[in-house]
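Everything below concerns the one structure shown next.
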DNA sequence: GAACAGACTAT
DNA sequence: ATAGTC
DNA sequence: GTTC
Ligand SMILES: O=c1ccn([C@H]2C[C@H](O)[C@@H](COP(=O)(O)OP(=O)(O)OP(=O)(O)O)O2)c(=O)[nH]1
Ligand SMILES: [Mg+2]
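Now the structure itself:
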């Protein structure tokens, strides 16, 4: 099942970690800073000449004369916004509050966004105000969209810095033209603005304020419906639902450099600290059984945090979403939180989430949730599209940004790849979870076909089924053979057999090569009213059985935790093997190390890592 | 400021 | 290289 | 967003 995919790319939140006690994101008032600087806050000097780069001579105390700035508050700490407002006013600039909903204010000459905001993210915000790409490009071509460091630098140097020295604006314009070109292809609408051609010509070189691969977002702000609704199970959801305490890093104990290249140091070390625990294992959730059964006494808090987590996930801010997942896990397992001191010492809760919890404690809700996770068209469309197998945050956002809103219009208006076509075809079936009894039927069907082909094959249904969940998102079947070789020639024949019986209806992915074979696809039981179900089959050599079983049983969060732990111990754990002496420089692997022999059971792997064995049901983190 | 799991396919 | 999935 |  898909669910919590984590594509690469780090989300770089940069600033914003401040101690802001939650910004009042949307102020109904038109002018910002009313309380502090009434005299300037509503000034709107006439626009000088759009985006001219006329820098005032230094020494001019009012070098921002004629400039009307709108600060997009998302991710800029409130304290910083307040300070900027004040300083801008002092230098003769005007300020207009940024309203997520209303139309773009025509008088604004400069939009300022947090330094960590990239072009894609900025576009998303502007699209909420002006959904029409062409109109937007028209408007934006007459203003500047700049990172925060432009205004801070200007204030610092008492000079209006040359806007041309910042790439964000050009990147934004370029992004818009690319999108217009793309949607024109779809609509067969002819190009319009000459500006589009121009900006193509000035494509900027990525730099400084350039996207870091994850467009972190700042969808907008708007008080109002704290929407959530949606009965559909989002794919990006539940990335770490049951985390016990965050699986991260070790505390003090750092081994790192020092040699110990020698083969046996590892074993000796482990043997010494054995039976049991690496000195740093304490901070990894894979050291503890998952909290099955215990009830969450902080539901009022985790509910709010989950909304933020889901929104971050759906907008591609995976690391931020993951951080929320860890925080949610610790809050869920903590005793009832009623006061600020109760938060102290909880792992995964830093200043940002702490302030939100405090707000929930005091007011019963969190403004950021209402503002950010709002139930608007855009968010609903993104959520809808993310429900398609083969579609995730990037694609969903792209489609929603080009004003697509329903499943029906997709086939005609965008180019769906093969997988997405299948995903769309079974959209509703795939959203349903599978009762265990039906998993058993599917398992039996596959098992019978397999055993007809080869005696002695072992089939184990893994995933959430093996962890004992009452319903499953899909069926994950591992196939191996204890003789170490009879697994080899059964993969394709097995699939052929299941296809010809009509059981397998679609292939999503067939991976033939490599020691492990993998099938991701769709099956259908020959029962009246049966639904199409996602079926994953892997065929593995017996030598990799332990690692493969461990992997395929999960949970995903548990796996990540255990792999982190292995990594910390200079090992590397994958679905193939547990390697020792794995060497990495940063996150780049220099040497895979050597696979450890004998890791043919899950127990052996737990042991080698110094972990207490956990039953599958206790790995449901 | 780097890391946050690790491996795989499709495009 | 990016997007998506397990 | 959090940790080291
Ligand atoms: O990002 C991932 C996703 C999955 N897995 C492993 C663990 C997981 O248990 C197994 C099967 O994946 P699936 O997506 O089916 O998860 P599940 O645990 O079976 O849950 P669901 O009930 O949604 O199928 O593959 C990972 O290691 N990383
Ligand atoms: Mg599954």
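Residue numbers (full-length UniProt numbering): 1 to 621.
Cβ coordinates follow ideal geometry from the N, Cα and C atoms, glycine included.
Since the model is a prediction, treat every value here as computed from it, not as a measurement.
### Query
With 16 other CB atoms within 10 Å as the buried threshold, where does residue 623 fall?
No statement about residue 623 is possible, as the shown extent of the chain runs from 1 to 621 and does not include it.
### Message
When you compare the stretch 492–512 with the stretch 541–561, are there three or more beta-carbon pairs, one atom per stretch, that lie closer than 8 Å?
### Response
Here the stretch 492–512 makes no contact with the stretch 541–561; the two share fewer than three CB pairs at distances below 8 Å.
### Task
Return helix, strand or coil for residue 606, following the three-state DSSP convention.
DSSP, reduced to helix, strand and coil, places residue 606 within a helical segment of the structure shown.
### C-beta atoms of residue 147 and residue 123 nearer than 8 Å
Result no, Cβ atoms of residue 147 and residue 123 do not sit closer than 8 Å.
### Task
Entirely within the stretch 380–423 and at least 4 residues each: give me those alpha helix (DSSP H) ranges in chain order.
With a minimum length of 4 residues, the continuous alpha helix (DSSP H) runs that stay inside the stretch 380–423 are 393–401 and 410–413.
### Message
Which residues does DSSP list as the beta-bridge partners of residue 578?
### Response
According to DSSP, which records beta bridges pairwise, residue 578 is partnered with 573.
### Task
Report yes or no: do three or more beta-carbon pairs, one from the stretch 374–388 and one from the stretch 396–403, lie closer than 8 Å?
In short, these stretches touch, since the Cβ pair count reaches three.
### Query
Is residue 523 near ligand 2, going by C-beta to nearest heavy atom under 7 Å?
False, no ligand heavy atom lies under 7 Å from that Cβ.
### Task
Report back the beta-carbon spacing between residue 385 and residue 534 to the nearest angstrom; my notes put them in contact at under 8 Å.
Between residue 385 and residue 534 a beta carbon distance of about 18 Å is seen, past the 8 Å cut, so the two are scored as non-contacting.
### Task
Answer with buried or exposed for residue 428, where buried requires no fewer than 16 other C-beta atoms within 10 angstroms of its C-beta.
Exposed is the call here.
### Query
Between the Cα of residue 90 and the Cα atoms of 156, 140, 102 and 132, which residue gives the shortest distance?
Checked all of 156, 140, 102 and 132; the closest Cα to residue 90 is 156.
### Message
By the DSSP assignment, the alpha helix (DSSP H) with residue 134 in it spans what residues?
### Response
Residue 134 -> alpha helix (DSSP H) spans 133–140.
### Query
Count the other CB atoms within 10 Å of the CB of residue 442; is the residue buried (16 or more) or exposed (fewer)?
It counts as buried.
### Task
Leaving out five residues on either side along the sequence, give the residues of the same chain with a beta carbon under 6 Å from the beta carbon of residue 600.
Apart from the 5 residues on each side of it in sequence, residue 600 sits with its Cβ closer than 6 Å to the Cβ of 545 and 546 in its chain, given in chain order.
### Task
Check whether the Cβ of residue 468 lies closer than 7 Å to any heavy atom of ligand 2, and answer yes or no.
No, the Cβ of residue 468 stays beyond 7 Å of every heavy atom of ligand 2.
### Message
Which runs of the beta strand (DSSP E) at least 3 residues long sit entirely within the stretch 516–560? Give them in chain order.
### Response
As far as the stretch 516–560 is concerned, its whole beta strand (DSSP E) runs of at least 3 residues are 517–524 and 532–539.
### Task
Indicate the three-state DSSP secondary structure (helix, strand or coil) for residue 295 in the structure shown.
Coil at residue 295, not helix or strand.
### Query
Can you round the beta-carbon distance between residue 69 and residue 112 to whole angstroms, since I take them to be within the 8 Å contact cut?
About 6 Å separates the beta carbon of residue 69 from that of residue 112, a gap short enough to meet the 8 Å contact definition.
#### Entry: Chain-order list of residues whose beta-carbon lies under 6 Å from that of residue 153 (same chain, five-residue window excluded)
161.
### Task
Could you tell me which of 149, 602 and 365 sits nearest to residue 576, measuring between CA atoms?
Of the listed residues, the one whose Cα sits closest to residue 576 is 602.
### Query
Hey, residue 63 and residue 170 are a contact pair by Cβ (cut 8 Å); roughly how many whole angstroms apart?
In fact, because the Cβ distance is near 23 Å, the residues do not count as touching under 8 Å.
### Query
Which residue comes first and which comes last in the alpha helix (DSSP H) that contains residue 155?
Note, residue 155: alpha helix (DSSP H), 148–157.
### Task
Could you name the residues of the same chain whose beta carbon sits closer than 8 Å to that of residue 324, not counting the 5 residues immediately before and after it, in chain order?
Correct list, in chain order: 305, 306, 308, 309, 312 and 353.
#### Entry: Beta-carbon separation (whole angstroms), residue 490 vs residue 453, contact threshold 8 Å
With 8 Å as the limit, residue 490 and residue 453 qualify as a contact, their Cβ atoms being about 5 Å apart.
### Query
Straight-line CA distance for residue 190 to residue 136?
Here the model assigns residue 190 a pLDDT of 30, short of 50, so the residue's position is not dependable and the matter cannot be decided.
### Message
Please classify residue 566 as buried or exposed, where buried requires at least 16 neighbouring CB atoms within 10 angstroms.
### Response
Per the 10 Å Cβ criterion, buried.
### Query
Which word fits residue 72, buried or exposed, when buried means at least 16 other C-beta atoms lie within 10 angstroms of its C-beta?
The residue is buried, with at least 16 neighbouring Cβ atoms inside 10 Å.
### Message
Quick check: residue 349 and residue 358, are their CB atoms within less than 8 Å of each other?
### Response
The criterion of a C-beta distance shorter than 8 Å is not satisfied by residue 349 and residue 358.
### Cβ-based neighbour list, residue 589, same chain, cut-off 8 Å, excluding 5 preceding and 5 following
A distance below 8 Å between beta-carbons, with the five flanking residues on each side excluded, links residue 589 to the following residues of its chain, in chain order: 572, 582 and 583.
### Query
If residue 433 sits next to residue 472, beta carbons under 8 Å apart, how far is it from one beta carbon to the other, in whole angstroms?
Contact between residue 433 and residue 472 holds, since their C-beta atoms are separated by about 6 Å, short of 8 Å.
### Buried versus exposed, by CB contacts within 10 Å (16 or more), residue 527
Taking every protein chain shown into account, the CB of residue 527 has fewer than 16 other CB atoms within 10 angstroms, so this residue is exposed.
### Task
Ignore the nearest five residues each way along the sequence and tell me which others in residue 618's own chain have a CB closer than 6 Å to its CB.
Hits under 6 Å: 289 and 290.
### Query
So who's on the other strand from residue 511, going by DSSP bridges?
DSSP output for residue 511 lists 518 as bridge partner(s).
### Query
Can you tell me where the beta strand (DSSP E) with residue 110 in it begins and where it stops?
Counting along the chain, the beta strand (DSSP E) containing residue 110 begins and ends at 110–113.
### Message
Applying the 10 Å Cβ sphere with the 16-neighbour rule, what's the burial state of residue 149?
### Response
With 16 or more Cβ atoms within 10 Å of its Cβ, residue 149 is classed as buried.
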